[in-house]
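Enquirer:
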Amino acid sequence: MKITTFNLNGIRSALNKGLAEWLKNHEADILCFQEIKLSETELVESVFVDLGYHCTWFPAQKKGYSGVALLSKIKPNEVKYGVGIDQYDSEGRTILASFDHFHVMSAYFPSGTTGDIRQDLKMRFLDDIYNYVHQFEKSGKPLILCGDVNICHKEIDIHNPKSNANSSGFLPEERAWVGKFIDSGYVDCFRHKVSDNQQYTWWSYRAGARAKNLGWRIDYIFTTTDASDKIKNAKIHSDVVFSDHCPVSVDFEF
Numbered sequence: 001m002k003i004t005t006f007n008l009n010g011i012r013s014a015l016n017k018g019l020a021e022w023l024k025n026h027e028a029d030i031l032c033f034q035e036i037k038l039s040e041t042e043l044v045e046s047v048f049v050d051l052g053y054h055c056t057w058f059p060a061q062k063k064g065y066s067g068v069a070l071l072s073k074i075k076p077n078e079v080k081y082g083v084g085i086d087q088y089d090s091e092g093r094t095i096l097a098s099f100d101h102f103h104v105m106s107a108y109f110p111s112g113t114t115g116d117i118r119q120d121l122k123m124r125f126l127d128d129i130y131n132y133v134h135q136f137e138k139s140g141k142p143l144i145l146c147g148d149v150n151i152c153h154k155e156i157d158i159h160n161p162k163s164n165a166n167s168s169g170f171l172p173e174e175r176a177w178v179g180k181f182i183d184s185g186y187v188d189c190f191r192h193k194v195s196d197n198q199q200y201t202w203w204s205y206r207a208g209a210r211a212k213n214l215g216w217r218i219d220y221i222f223t224t225t226d227a228s229d230k231i232k233n234a235k236i237h238s239d240v241v242f243s244d245h246c247p248v249s250v251d252f253e254f
């Protein structure tokens, strides 16, 4: 079973650049999208239905902003939209689908790059999402969290760690949160399979960053440790250029 996460930076823009054709060949069983930036999801849903997906959407209330989606070849048993906190849910931050043997969440963590107000929101979100996902431990099924976390965990995950030491997305307290999250019973699937490879998932549009590979690894697929033995392969698709992010996929054996 292949799960793929992708911050699209606008679903219509990505479709115009060839997303549907890539997905047809990629053959993911579950797709987690972030930053769909579309309220009228019915305008694009038929594209994904034609590819065989059941579609669940959670757009932001603000048009052209944020929003997540979760698409699956198997219909979910249950879908939860948001975490029950309006400040996040109004921005379309999370969607969680439950299947027979696991849960999958598509999540778009807030960015703090615009200033202190959004950075404070980001730090509150980290605490709240931590508490939210751990509620599912009692279900007895693995939880796979996919999405744009907007944090690089370690120096290997960012092109210039020293100059970015005080940048939102690489702050000590943000990095510590990722460490705490992993220590609480989660596995970073890419690092589980590719321990020492310096690869990125996001590049600024400025200064030719992508061509120079001046990137950040901020997009993840985490799974609870009870499914770590089911991770067969993990890949960052840096050659896919429909967005300023690229897709990340993990093959599981459920």
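Under my numbering, the sequence shown has 219 at position 219, and the numbering climbs by one with no breaks. We put the beta carbon where it would ideally sit given N, CA and C, even for glycine. Just so it is clear, the structure is predicted and the values come from calculations on it, not from any experiment.
(1) Residue range of the alpha helix (DSSP H) that His-26 falls in?
(2) So for Cys-246, helix, strand or coil by DSSP?
(3) Can you pull the DSSP bridge partners for Thr-223?
(4) Determine whether the beta carbon atoms of Cys-146 and Ile-221 lie at a separation below 8 Å.
(5) Could you confirm whether any beta carbon from chain D is found closer than 8 Å to the beta carbon of Cys-32?
(6) Under 8 Å between the Cβ atoms of Ala-14 and Ser-243?
(7) Taking the alpha-carbon positions, what's the Asp-50 to Asn-160 distance?
(8) Along the beta strand (DSSP E) that carries Ser-98, what are the first and last residues, could you check?
(9) What is the DSSP secondary structure of Gln-34, reduced to helix, strand or coil?
(10) Measuring straight from C-alpha to C-alpha, what distance separates Arg-206 and Trp-177?
(11) At a cut-off of 7 Å, would you count Leu-71 as near the ligand ATP, judging by its Cβ distance to the nearest heavy atom?
(12) Excluding five sequence neighbours on each side, which residues of the same chain lie with their C-beta closer than 6 Å to the C-beta of Phe-48?
(13) Tell me which same chain residues have a C-beta within less than 6 Å of the C-beta of Gly-92, skipping the five on either side of it?
(14) Buried or exposed: where does Phe-125 fall if 16 or more other Cβ atoms within 10 Å of its Cβ makes it buried?
(15) For Tyr-200, write down the residues that DSSP places opposite it in a beta bridge.
Expert: The relevant details are as follows:
(1) 19–26
(2) Assigned with DSSP and collapsed to three states, Cys-246 falls in coil, not helix or strand.
(3) In DSSP, Thr-223 forms a bridge with Ile-144, Val-187.
(4) Less than 8 Å separates the beta-carbon of Cys-146 from that of Ile-221.
(5) You won't find chain D in this structure, because it holds only one protein chain.
(6) yes
(7) 42 Å
(8) Unbroken beta strand (DSSP E) run through Ser-98: 94–98.
(9) strand
(10) 28 Å
(11) This structure lacks the ligand ATP; in fact it carries no ligand of any kind.
(12) In chain order, Cys-55, Leu-71 place their CB closer than 6 Å to the CB of Phe-48, counting only its own chain and leaving out the 5 sequence neighbours on each side.
(13) Phe-58, Pro-59, Ala-60, Ser-66, Gly-67, Val-68
(14) buried
(15) BP columns for Tyr-200 are empty, so no partner.
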